[in-house]
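**Q** Just passing along the structure, written as structure tokens.
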Amino acid sequence: MHYKSLFVSDIHLGTPQCRVEFLLQFMHDNTFDNIFLIGDIVDIWAHKHWKWNINHNTFIQKILRESRKGTNVVYIPGNHDEAIREVFKDNPIAFFGDIKIVNEYSYDSVCGLKLLLMHGDEFDGAIRNFGWLYSIGDRAYALALWLNTLFNKCRKLCGLRYWSLSAYLKSKVKEAVQVVNNFEELVTRKCIMNGFDGVVFGHIHTASIKVIKTKLIMNDGDMCESMTCIVETTEGIFQLRKLTDDTILASYNKG
Numbered sequence: 020m021h022y023k024s025l026f027v028s029d030i031h032l033g034t035p036q037c038r039v040e041f042l043l044q045f046m047h048d049n050t051f052d053n054i055f056l057i058g059d060i061v062d063i064w065a066h067k068h069w070k071w072n073i074n075h076n077t078f079i080q081k082i083l084r085e086s087r088k089g090t091n092v093v094y095i096p097g098n099h100d101e102a103i104r105e106v107f108k109d110n111p112i113a114f115f116g117d118i119k120i121v122n123e124y125s126y127d128s129v130c131g132l133k134l135l136l137m138h139g140d141e142f143d144g145a146i147r148n149f150g151w152l153y154s155i156g157d158r159a160y161a162l163a164l165w166l167n168t169l170f171n172k173c174r175k176l177c178g179l180r181y182w183s184l185s186a187y188l189k190s191k192v193k194e195a196v197q198v199v200n201n202f203e204e205l206v207t208r209k210c211i212m213n214g215f216d217g218v219v220f221g222h223i224h225t226a227s228i229k230v231i232k233t234k235l236i237m238n239d240g241d242m243c244e245s246m247t248c249i250v251e252t253t254e255g256i257f258q259l260r261k262l263t264d265d266t267i268l269a270s271y272n273k274g
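Quick note on numbering: the sequence shown equals residues 20 to 274 in my numbering.
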């Protein structure tokens, strides 16, 4: 199938939790006019302990090949690949081959919405004292992801499909829910202040499509827990897709 746009973030290439093979299959089965990489694509923070495999190489090659073929590929660095921001900090727009690199991007959707594309880590300071993800620290979160990987290896041996234990635990912890709510409130406020109709962001690994205060707030999830992305159809419908079984979790149609 052909889509207008693909929105994906938080792939975390180089980490053992990365399950980019689901995204590769989806990209193999479909084509896109635009591919938006919304931060934390390569986990540069983890470079001393990288677990790089052939799927990670294949994804990089796939993106480069798509950009050479004429697909509009835009890379918006996040906090785990913020070194890319430093390299291009003196340029509001930079290019790596045919790939455009920007900190934020304004996108006009098929249905006429003006959308802000951003990673979302700029809001970390505003919520640092309120969230479970910060109070337990990066190591505890990494442990949750490790347990999630082990849990799903056992499920696979039993012939069961992938299911995110870490995402389930986050959804049940009050403070984690508050982190998501705080982020959504802040990105909604930014949309209002800057005249956008909505936003696509990542960072918090919590996939959703919502309308908040008339603004379309979309998080494309990640490739470590939720295995989700957002696509825009050629008719202007936004779909949140679960790549482990290629199902539609949520959608938005302006009508």
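We put the beta carbon where it would ideally sit given N, CA and C, even for glycine.
List the DSSP bridge partners of Lys133.
**A** DSSP output for Lys133 lists Asp127 as bridge partner(s).
**Q** Is the segment 29-37 in contact with the segment 64-79, if contact means three or more CB pairs nearer than 8 Å?
**A** Result yes; three or more Cβ-Cβ pairs closer than 8 Å.
**Q** Work out the CA separation of Glu85 and Asp48 for me, nearest whole Å.
**A** Whole-angstrom Cα-Cα distance: 14 Å.
**Q** Count Cβ pairs between the segment 96-114 and the segment 126-136 that sit closer than 8 Å; are there 3 or more?
**A** These segments do not touch.
**Q** Between Lys261, Ile256, Glu254, which has its C-alpha nearest Cys248's C-alpha?
**A** Of Lys261, Ile256, Glu254, the residue nearest in Cα terms is Lys261.
**Q** For Ile82, which residues in the same chain have their Cβ closer than 8 Å to its Cβ, ignoring the five residues on either side in sequence?
**A** These residues qualify, in order along the chain: Ile54, Leu56, Val92, Ile118.
**Q** With 8 Å set as the bound, which would you pick, yes or no: does the beta-carbon of Gly58 sit closer than that to a beta-carbon of chain D?
**A** In the structure shown, chain D cannot be found, because there is only a single protein chain.
**Q** By how many angstroms is the C-alpha of Arg174 removed from the C-alpha of Ala113?
**A** Their Cα atoms are separated by approximately 43 Å.
**Q** Any idea what DSSP makes of Ser14, helix, strand or coil?
**A** Outside the displayed range of the chain (20 to 274) lies residue 14, so it cannot be described from this structure.
**Q** Just checking, does the segment 214-234 make contact with the segment 251-266 on the three C-beta pairs under 8 Å criterion?
**A** With the cut-off at 8 Å, the segment 214-234 and the segment 251-266 touch.
**Q** Among residues of its own chain, excluding the 5 on either side of Met237, which ones have a beta-carbon nearer than 6 Å to its beta-carbon?
**A** Excluding residues within five positions, the ones whose Cβ falls inside 6 Å are Val219, Ile228, Ile249.
**Q** Less than 8 Å separating the beta-carbons of Arg286 and Met246?
**A** This structure cannot settle anything about residue 286, because the visible part of the chain is limited to 20 through 274.
**Q** Going by DSSP in three states, Lys229 sits in which element: helix, strand or coil?
**A** Lys229 falls in the strand class under three-state DSSP.
**Q** So what's Cys248 in DSSP terms, helix, strand or just coil?
**A** Strand.
**Q** Evaluate Gln36 with the Cβ neighbour count: other Cβ atoms within 10 Å of its Cβ, from every protein chain shown; 16 or more gives buried, anything less gives exposed.
**A** Counting Cβ neighbours within 10 Å, Gln36 comes out buried, since at least 16 surround it.
**Q** In angstroms, rounded to a whole number, what distance separates the CA positions of Asp216 and Phe41?
**A** Taking the straight line from one Cα to the other gives about 30 Å.
**Q** For Ser154 and Asp109, what's the separation of their Cα atoms in angstroms?
**A** Because the pLDDT of Ser154 is 46, which lies under 50, any placement of that residue in the model is unreliable, and the question is left without a value.
**Q** Please work out which residues of its chain come closer than 6 Å, Cβ to Cβ, to Leu268, disregarding the five sequence neighbours upstream and downstream, and give them in chain order.
**A** For Leu268, where only same-chain residues beyond five positions count, the Cβ hits under 6 Å are Leu259, Lys261.
**Q** So which of Ile256, Gly89, Cys130, Cys243 has the shortest CA-CA distance to Gly116?
**A** Of Ile256, Gly89, Cys130, Cys243, the residue nearest in Cα terms is Gly89.
**Q** Find the nearest neighbour of Tyr124 within the set Asp140, Ile95, Phe142, Cys130, judged by alpha-carbon distance.
**A** If we check each option's Cα against that of Tyr124, Ile95 comes out closest.
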